[in-house]
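A.B. asks: Protein chains in written order, with full-length UniProt numbering: chain D, 1 to 547; chain S, 1 to 565. Take a look at the following structure, please.
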Amino acid sequence: MALHVPKAPGFAQMLKDGAKHYSGLEEAVYRNIRACKELSQTTRTAYGPNGMNKMVINHLEKLFVTNDAATILRELEVQHPAAKMIVMASHMQEQEVGDGTNFVLVFAGALLELAEELLRMGLSVSEVIEGYENACRKTLDIMSDCVCSSAKNLHDVKEATSLIRTAVMSKQYGNEDFLAGLIAQACVSIFPEAGSFNVDNVRVCKILGSGVTASTVLHGMVFKKEAEGDVTSVKDAKIAVFSCPFDCMVTETKGTVLINNAKELMDFSKGEEEMMEAQVKAIKDAGANLVVTGGKVADIALHYANKYKLMVVRLNSKWDLRRLCKTVGAVALPRMTAPTPDEMGHCDNVYLSEVGDTQVVIFKHEKEDGVISTVVIRGSTDNLMDDIERAIDDGVNSYKVLVRDKRLVPGAGAIEIELAKRITAYGESCPGLEQYAIKKFAEAFEAVPRSLAENSGVKGSELLSKMYSAHHEGNKNIGFDIEGEGPAVKDMLEAGILEPYLVKYWGVKLATNAAITVLRVDQIIMAKPAGGPKPPPQGKKDFDEDD
Amino acid sequence: MSNSIVGRNAGGKLLEGTAKMMPTPVILLKEGTDSSQGVPQLISNINACQVIAEAVRTTLGPRGMDKLMVDGRGKATISNDGATILKLLDVVHPAAKTLVDIARSQDAEVGDGTTSVTLLAAEFLKQLKSYVEEGLHPQTIIRAFRTATNLAVSKIKEIAVPVKKGDKQDQRQLLEKCAATALNSKLIAGQKDFFSKMVVDAVLSLDELLSLKMIGIKKVNGGALEDSHLVSGVAFKKTFSYAGFEMQPKRYNNLKIAMLNVELELKAEKDNAEVRVKSVEEYQAIVDAEWTILYDKLEKICQSGVKVVLSKLPIGDVATQYFADRDLFCAGRVQEEDLKRTMMACGGSIQTSVTGLTDNVLGRCELFEEVQVGGERFNFFKGCPKARTCTIILRGGAEQFTEETERSLHDAIMIVRRAIKNDSVVAGGGAIEMELSKYLRDYSRTIPGKQQLLIGAYAKALEIIPRQLCDNAGFDATNILNKLRAKHAQGGMWYGVDINNEDIADNLAACVWEPSIVKINALTSASEAACLILSVDETIKNPRSSMDGPPGGGRGRGRGRPHAH
Chain D
1 MALHVPKAPG FAQMLKDGAK HYSGLEEAVY RNIRACKELS QTTRTAYGPN
51 GMNKMVINHL EKLFVTNDAA TILRELEVQH PAAKMIVMAS HMQEQEVGDG
101 TNFVLVFAGA LLELAEELLR MGLSVSEVIE GYENACRKTL DIMSDCVCSS
151 AKNLHDVKEA TSLIRTAVMS KQYGNEDFLA GLIAQACVSI FPEAGSFNVD
201 NVRVCKILGS GVTASTVLHG MVFKKEAEGD VTSVKDAKIA VFSCPFDCMV
251 TETKGTVLIN NAKELMDFSK GEEEMMEAQV KAIKDAGANL VVTGGKVADI
301 ALHYANKYKL MVVRLNSKWD LRRLCKTVGA VALPRMTAPT PDEMGHCDNV
351 YLSEVGDTQV VIFKHEKEDG VISTVVIRGS TDNLMDDIER AIDDGVNSYK
401 VLVRDKRLVP GAGAIEIELA KRITAYGESC PGLEQYAIKK FAEAFEAVPR
451 SLAENSGVKG SELLSKMYSA HHEGNKNIGF DIEGEGPAVK DMLEAGILEP
501 YLVKYWGVKL ATNAAITVLR VDQIIMAKPA GGPKPPPQGK KDFDEDD
Chain S
1 MSNSIVGRNA GGKLLEGTAK MMPTPVILLK EGTDSSQGVP QLISNINACQ
51 VIAEAVRTTL GPRGMDKLMV DGRGKATISN DGATILKLLD VVHPAAKTLV
101 DIARSQDAEV GDGTTSVTLL AAEFLKQLKS YVEEGLHPQT IIRAFRTATN
151 LAVSKIKEIA VPVKKGDKQD QRQLLEKCAA TALNSKLIAG QKDFFSKMVV
201 DAVLSLDELL SLKMIGIKKV NGGALEDSHL VSGVAFKKTF SYAGFEMQPK
251 RYNNLKIAML NVELELKAEK DNAEVRVKSV EEYQAIVDAE WTILYDKLEK
301 ICQSGVKVVL SKLPIGDVAT QYFADRDLFC AGRVQEEDLK RTMMACGGSI
351 QTSVTGLTDN VLGRCELFEE VQVGGERFNF FKGCPKARTC TIILRGGAEQ
401 FTEETERSLH DAIMIVRRAI KNDSVVAGGG AIEMELSKYL RDYSRTIPGK
451 QQLLIGAYAK ALEIIPRQLC DNAGFDATNI LNKLRAKHAQ GGMWYGVDIN
501 NEDIADNLAA CVWEPSIVKI NALTSASEAA CLILSVDETI KNPRSSMDGP
551 PGGGRGRGRG RPHAH
């Protein structure tokens with residue numbers, strides 16, 4: 001804009017030197033589609049239980065080994081603007097339901113791929129979009145018909161396990177029963193009879209060593225910290241939480257202690273010591289026997305804490321401190337004052353323990369329903385544990401989704417084929433040109449069982465024909481049997497492979513929206529990138545953010 | 001419209017070149033992103049792991065060789081501990097790093113068997129390579145491996161020989177044997193009897209928690225290995241001392257100890273304090289006051305009746321002379337760890353102030369003395385009432401040698417600790433691996449399908465341990481393995497390699513024992529690592545972000561600067 005060159009005609013001339021401009025089907029739409037396709041191809045092989053892991057090394061040289069689409073995309077740093085939209089859709093899915101991110105990618109990729117065919121056939125973009133929108137609306141309508149069962153009692157660990165199992169299966173195939181059990185235990189224990197379920201209340205603590213099957217669930221919290229003082233275990237702990245350092249107060253204003261004569265000098269340090277002792281004593285007298293602090297622990301303060309048999313634990317993360325407050329029901333005090341009984345938290349057992357060769361401080365609640373539960377993950381490599389953490393995240397999120405909506409749909413491609421069947425039928429009843437688009441929309445659903453099959457080394461078309469024939473006979477819960485030889489099918493309701501309704505609902509919705517947005521673009525105008533050094537990549541992460 | 005500028009920052013990398021040049025590749029990711037995928041990628045990962053395993057292969061077993069490594073700063077390390085070697089190798093290959101990780105994990109969990117675990121993982125991958133090349137789906141392999149591992153682990157649990165905890169004598173014997181097996185493969189194998197006794201004594205003197213920190217290992221160059229000894233109590237090197245130190249007595253009986261975190265020196269009381277004086281007298285008074293504060297502290301210490309004063313912080317020459325005059329011993333700048341151990345041994349607690357030196361915060365012990373050990377002087381605290389700690393004084397020639405000895409003892413100590421916590425053992429020397437191999441092979445024959453081949457491969461991979469033991473000792477591995485297979489088929493469950501006679505022997509009877517937990521952990525870690533590597537089919541490497549982009553490019557990305565227009 002700034003450098004307006006009015007002389008010559010033409011669009012490019014109107015822009016600053018160096019800007020680029022593309023328009024039309026060939027230049028913009030097809031290229032966008034191709035970019036999105038390429039992206040979905042990458043994550044497609046990671047879909048389902050038999051999906052493969054990807055090793056991603058991000059710009060900080062940290063290694064991720066995962067098949068979690070959300071993580072792969074986050075670390076990939078996708079640059080293409082159209083592909084970014086798909087990534088965004090997947091992020092929305094992650095935030096909305098926390099699972100099914102890969103579904104969004106695969107489905108959106110398939111939609112765009114088929115849209116290209118339609119466009120090449122001669123349909124206009126708007127017709128394709130209209131058809132997709134119609135089909136999407138219809139899909140969401142009929143999806144509720146496909147619900148095959150619903151969760152009965154989410155407080156039952158056994159039932160919860162079987163529900164979470166499907167989500168975990170796609171991440172940690174082979175360990176799903178064990179992990180789902182752990183997650184269910186953790187979730188159920190923090191899900192109050194009345195009230196809401198908070199994902200944040202299931203914590204994960206990763207400790208290197210041993211194997212995955214040595215992982216456990218604990219009611220309470222686990223910190224990879226050592227106790228500061230000599231006291232290493234407290235039963236029936238009364239906890240005083242300080243968000244400030246466990247030290248005497250320091251003035252913010254720069255001040256100098258002015259000493260006028262020898263006596264003042266001599267009394268000075270003595271006075272300081274006495275003050276500290278009084279403070280620590282006050283805390284002890286208030287009934288506390290455990291001090292948790294968010295800052296440094298001064299030597300002298302620790303000395304008196306030892307003297308008064310106070311256990312001292314230091315937590316560096318403000319988040320940890322806040323969570324701990326919630327777990328034990330304490331109020332974090334911003335300065336070193338004696339807490340009132342209300343402000344103190346309570347925990348049945350706090351002790352220092354050794355897991356592998358890592359020292360951990362465990363805050364344990366004896367009774368079953370704590371506010372926070374922690375899954376202690378063991379594993380032989382850091383990457384493995386990270387991946388298990390992601391699987392646990394997905395599992396916990398599925399549980400959360402189920403708390404919101406108990407309906408379940410059959411997994412393993414069963415619902416997709418059912419939807420494809422019905423949408424095709426619906427498309428045929430439409431008179432206009434959008435009929436083609438609607439039918440392609442239905443076809444896009446096939447991408448899901450197809451990737452499942454291809455990832456397991458089975459021919460997709462063979463499986464699809466088998467599944468279609470089963471669905472036409474009215475068995476709407478028939479899906480791909482991943483354990484069978486070749487293109488085997490089985491009833492997913494009986495096999496217990498069920499997915500929350502909401503995951504699919506949002507997945508379809510977000511994927512369609514993203515695909516439509518990408519299709520709508522017919523011009524790309526890019527300004528010349530400003531010179532000068534590159535700004536630092538993204539905003540720096542809050543150092544407090546621990547995940 | 002024609003330009004050759006390539007967009008560079010966010011959202012930039014859309015199209016490259018002119019629009020009229022038809023199929024230019026769509027650039028999806030940041031420039032410089034490196035990605036590779038498919039089966040070749042998997043194979044290359046497997047190869048990388050093999051290379052890593054090569055590095056530690058020859059260190060396995062009693063006849064294993066040591067490695068000499070020189071790090072970036074020219075520091076030489078001699079070791080045959082797998083974890084140590086891999087740590088020093090500084091591996092950057094993402095897949096190979098996994099192997100380093102499992103060695104670390106084994107080190108953390110059980111402390112020994114780090115070479116075995118790396119070797120096993122690499123061998124698993126090696127056996128599977130051909131299947132992957134043939135196009136078998138990795139997930140099928142992974143599933144088979146998980147089954148095999150579970151079977152193997154439950155088999156170990158089933159056949160492990162439990163040891164009665166009640167019988168102290170029995171337990172001690174078991175522990176000594178475990179320690180001896182661990183030390184067998186180390187540099188100090190010649191002195192294994194000597195050291196295994198020492199290690200067991202050391203660990204048994206600890207309390208329930210068996211905290212590793214409570215065993216101090218002090219190295220003193222010079223002397224023979226046999227001069228090493230165990231001090232049931234605390235010992236640490238004489239600290240830096242000031243004038244007057246030599247006048248202090250070096251030996252006390254039945255004494256009290258003050259452990260301080262106080263600086264006994266003339267110093268500023270507060271950093272940001274300022275003194276304003278108006279006259280010379282006042283100035284003198286301030287100077288006197290500073291001395292008085294110090295003398296006050298010293299006097300309080302003296303009055304408490306202690307004979308030995310230890311402090312984490314420096315003890316100055318004034319204090320040193322003061323104590324010398326009053327028949328006290330002092331040591332400043334004591335390592336925190338040492339001070340903590342003294343506290344654990346002698347009781348009392350570390351004091352940050354000298355105001356409350358009452359009897360209950362003071363430590364006690366029967367004998368304190370300073371003794372010359374080799375070229376160093378050591379402070380010994382013996383006969384401690386709580387004595388839940390001990391110190392091993394290591395002697396030996398070269399520095400690298402004592403360092404390796406320390407690592408070996410660490411391994412042995414860890415093994416003994418594990419053996420105390422989990423009291424069942426299996427026979428070492430490849431015996432348990434051969435037994436598992438046979439068990440899995442038999443099992444594989446009872447199942448149909450691909451799983452049969454894969455579990456068979458797992459069984460074959462287990463044989464790497466006895467095979468490598470033979471190779472390292474210079475035996476004919478094929479020959480020995482044949483004998484072992486035959487023996488195991490006939491039910492000789494505990495037959496393993498007999499290193500001394502180039503033959504096979506019942507290693508349970510020969511007292512080559514290892515805690516079963518070591519093997520269980522090694523198998524789980526190795527197969528977890530193998531599965532992890534197998535499950536990867538694509539590596540995507542983002543360019544490393546640094547302050548000013550990749551080298552050579554000047555600013556920006558080095559490409560796509562506007563050409564002459």
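Don't be surprised by glycine CBs; every beta carbon is placed ideally from N, CA and C. Bear in mind the structure is a predicted one, so any value in this text is a computation, not a measurement.
So, under 8 Å CB-CB, residue 310/D and residue 231/D are touching, yes? Tell me the CB distance rounded to an integer number of Å.
C.D. replies: As a working note, residue 310/D is residue 310 in the first sequence. As a working note, residue 231/D is residue 231 in the first sequence. Contact holds; Cβ gap of about 7 Å.
A.B. asks: Where does residue 22/S land, buried or exposed, given buried means 16+ other C-beta within 10 angstroms?
C.D. replies: One-based indexing of the second sequence puts residue 22/S at position 22. Only weak support is given to the placement of residue 22/S: the predicted model assigns it a pLDDT of 39, under 50, and the value that follows is read from those uncertain coordinates. Counting Cβ neighbours within 10 Å, residue 22/S comes out exposed, since fewer than 16 surround it.
A.B. asks: Can a CB atom of chain D be found closer than 9 Å to the CB of residue 277/S?
C.D. replies: To locate residue 277/S, count along the second sequence from 1; it is residue 277. Yes, because at least one Cβ of chain D sits closer than 9 Å to the Cβ of residue 277/S.
A.B. asks: Figure out for me which residue from 471/S, 133/S, 230/S has the closest Cα to the Cα of residue 47/S.
C.D. replies: Counting from 1 along the second sequence, the entry for residue 47/S is found at position 47. Comparing Cα positions, the closest option is 133/S.
A.B. asks: Report the three-state DSSP secondary structure of residue 424/S (helix, strand or coil).
C.D. replies: Working through the second sequence from its first residue, we reach residue 424/S at position 424. Three-state result, residue 424/S: strand.
A.B. asks: If distances are taken between C-alpha atoms only, which option among 414/S, 249/S, 234/S, 326/S comes closest to residue 110/S?
C.D. replies: On the second sequence, position 110 is the one that residue 110/S refers to. When only C-alpha atoms are compared, the closest one is 414/S.
A.B. asks: Do we get a CB-CB distance below 9 Å when we pair residue 63/D with the residues of chain S?
C.D. replies: The residue labelled residue 63/D in the question sits at position 63 within the first sequence. Cβ-Cβ to chain S under 9 Å: yes for residue 63/D.
A.B. asks: Using a Cβ distance threshold of 8 Å, determine whether the region 116 to 125 of chain S contacts the region 94 to 104 of chain S, with at least three qualifying pairs required.
C.D. replies: Output reads yes: the region 94 to 104 of chain S touches the region 116 to 125 of chain S.
A.B. asks: Would you give the residue range spanned by the beta strand (DSSP E) that residue 603/S belongs to?
C.D. replies: With chain S represented from 1 up to 565, any question about residue 603/S goes unanswered, as that position is not in the structure.
A.B. asks: Could you please give the first and the last residue of the uninterrupted alpha helix (DSSP H) stretch that includes residue 194/S?
C.D. replies: Reading the second sequence from its first residue, position 194 is the one you call residue 194/S. Segment 192 to 204, the alpha helix (DSSP H) holding residue 194/S.
A.B. asks: CA-CA distance, residue 150/S and residue 461/S?
C.D. replies: Numbered from 1 along the second sequence, position 150 holds the residue referred to as residue 150/S. Numbered from 1 along the second sequence, position 461 holds the residue referred to as residue 461/S. Rounded to the nearest angstrom, the two C-alpha atoms are 16 Å apart.
A.B. asks: If you measure from the beta carbon of residue 137/S to each beta carbon in chain D, is any gap under 9 Å?
C.D. replies: By 1-based counting over the second sequence, the position of residue 137/S is 137. Closer than 9 Å to some Cβ of chain D, the Cβ of residue 137/S qualifies, so yes.
A.B. asks: For residue 297/D, which residues in chain S fall below 7 Å Cβ to Cβ?
C.D. replies: Numbered from 1 along the first sequence, position 297 holds the residue referred to as residue 297/D. Result: empty, since nearest Cβ-Cβ is about 11 Å, beyond 7 Å.
A.B. asks: Going by CA-CA distance only, name the one from 111/D, 124/D, 225/D that's closest to residue 362/D.
C.D. replies: In the first sequence, the residue the question calls residue 362/D occupies position 362. It is 225/D whose Cα lies nearest to the Cα of residue 362/D.
A.B. asks: May I ask you to list, following chain order, the residues of the region 201 to 226 of chain D that have a beta carbon less than 7 Å from some beta carbon of chain S?
C.D. replies: Residues passing the 7 Å Cβ filter: 208, 209, 210, 211, 212.
A.B. asks: Does residue 329/S come out as helix, strand or coil in the three-state DSSP assignment?
C.D. replies: The residue given as residue 329/S occupies position 329 in the second sequence. Correct three-state label for residue 329/S: strand.
A.B. asks: Counting Cβ pairs, one atom from each stretch, are 3 or more of them under 8 Å apart for the region 527 to 534 of chain S and the region 119 to 129 of chain S?
C.D. replies: Touching, yes.
A.B. asks: Is DSSP giving residue 306/S helix, strand or coil here?
C.D. replies: Within the second sequence, residue 306/S is the residue found at index 306, counting from 1. In the structure shown, residue 306/S sits in coil (DSSP, three-state: anything other than H, G, I, E or B).
A.B. asks: Evaluate contact between the region 422 to 441 of chain S and the region 390 to 410 of chain S, counting only Cβ atoms and requiring at least three cross-stretch pairs below 8 Å.
C.D. replies: No contact exists between the region 422 to 441 of chain S and the region 390 to 410 of chain S.
A.B. asks: Go to residue 485/S, then tell me how far its alpha helix (DSSP H) extends in each direction, as first and last residue.
C.D. replies: Residue numbering aside, residue 485/S sits at position 485 when the second sequence is read from its first letter. Element bounds for residue 485/S: 477 to 489.
A.B. asks: Report back the beta-carbon spacing between residue 385/S and residue 364/S to the nearest angstrom; my notes put them in contact at under 8 Å.
C.D. replies: Counting from one through the second sequence, the residue named residue 385/S turns up at place 385. Counting from one through the second sequence, the residue named residue 364/S turns up at place 364. Their Cβ separation, rounded to whole angstroms, is 6 Å, which keeps residue 385/S and residue 364/S in contact under 8 Å.
A.B. asks: Is it true that the CB of residue 444/S sits closer than 9 Å to the CB of residue 156/S?
C.D. replies: To locate residue 156/S, count along the second sequence from 1; it is residue 156. To locate residue 444/S, count along the second sequence from 1; it is residue 444. No; because the gap between Cβ atoms is not below 9 Å, this pair is not in contact.
A.B. asks: So residue 137/D is in the alpha helix (DSSP H); what residue range does that whole segment cover?
C.D. replies: Here residue 137/D refers to the residue found at position 137 of the first sequence. Run containing residue 137/D: 125 to 143, per the alpha helix (DSSP H) assignment.
A.B. asks: Tell me whether residue 445/S sits in a helix, a strand or coil according to DSSP, three-state version.
C.D. replies: Indexing the second sequence from 1 puts residue 445/S at position 445. Residue 445/S: coil per DSSP, three-state reduction.
A.B. asks: DSSP three-state call for residue 254/S: helix, strand or coil?
C.D. replies: For the purposes of this step, residue 254/S is identified with residue 254 of the second sequence, where counting begins at 1. Note: residue 254/S maps to strand in three-state DSSP.
A.B. asks: On the three-pair Cβ rule with 8 Å, is the region 312 to 329 of chain S touching the region 196 to 205 of chain S?
C.D. replies: In short, these stretches do not touch, since the Cβ pair count stays below three.
A.B. asks: Would residue 333/D pass as a contact of residue 187/D if the rule is Cβ separation under 9 Å?
C.D. replies: For the purposes of this step, residue 333/D is identified with residue 333 of the first sequence, where counting begins at 1. For the purposes of this step, residue 187/D is identified with residue 187 of the first sequence, where counting begins at 1. Contact: no.
A.B. asks: Whole angstroms are fine: how far does the CA of residue 36/D sit from the CA of residue 24/S?
C.D. replies: As a first step, residue 24/S must be located in the second sequence, where it is residue number 24. As a first step, residue 36/D must be located in the first sequence, where it is residue number 36. In this prediction, residue 24/S scores a pLDDT of 45, lower than 50, which makes its location untrustworthy; the coordinate-derived value is nonetheless stated afterwards. Cα to Cα, residue 24/S sits roughly 16 Å from residue 36/D.
A.B. asks: Check whether chain S comes within 9 Å of residue 348/D, counting only Cβ atoms and requiring the distance to be less than that.
C.D. replies: The residue labelled residue 348/D in the question sits at position 348 within the first sequence. Judged by the 9 Å Cβ criterion, residue 348/D is not in contact with chain S.
A.B. asks: Helix, strand or coil, according to DSSP, for residue 22/D in the structure here?
C.D. replies: By one-based count along the first sequence, residue 22/D stands at place 22. Strand, per DSSP.
A.B. asks: So which residues on chain D does residue 102/S lean against when the C-beta distance must stay under 7 Å?
C.D. replies: The sequence position of residue 102/S within the second sequence is 102, counting from 1. Chain D residues near residue 102/S: 380, 381.
A.B. asks: What residue range does the alpha helix (DSSP H) around residue 506/D cover?
C.D. replies: Locating residue 506/D in the first sequence gives position 506, where the first residue counts as 1. 501 to 520 is the extent of the alpha helix (DSSP H) around residue 506/D.
A.B. asks: Of all the CB atoms in chain S, is at least one closer than 9 Å to the CB of residue 487/D?
C.D. replies: Here residue 487/D corresponds to residue number 487 of the first sequence, with the count starting at 1. It does not; no Cβ of chain S falls within 9 Å.
A.B. asks: In whole angstroms, give me the CA-to-CA distance for residue 50/D and residue 143/S.
C.D. replies: Locating residue 50/D in the first sequence gives position 50, counting from the first residue. Locating residue 143/S in the second sequence gives position 143, counting from the first residue. One C-alpha to the other measures close to 10 Å.
A.B. asks: Can you list the residues of chain D that residue 543/S reaches, using a CB-CB cut of under 7 Å?
C.D. replies: Residue mapping note: residue 543/S aligns to position 543 of the second sequence, counting from 1. The answer, in chain order, is 59.
A.B. asks: With a floor of 3 residues, list each beta strand (DSSP E) that falls wholly inside the region 443 to 489 of chain D, ordered by position along the chain.
C.D. replies: Entirely contained in the region 443 to 489 of chain D, the beta strand (DSSP E) runs reaching 3 residues are, in chain order, 478 to 480.
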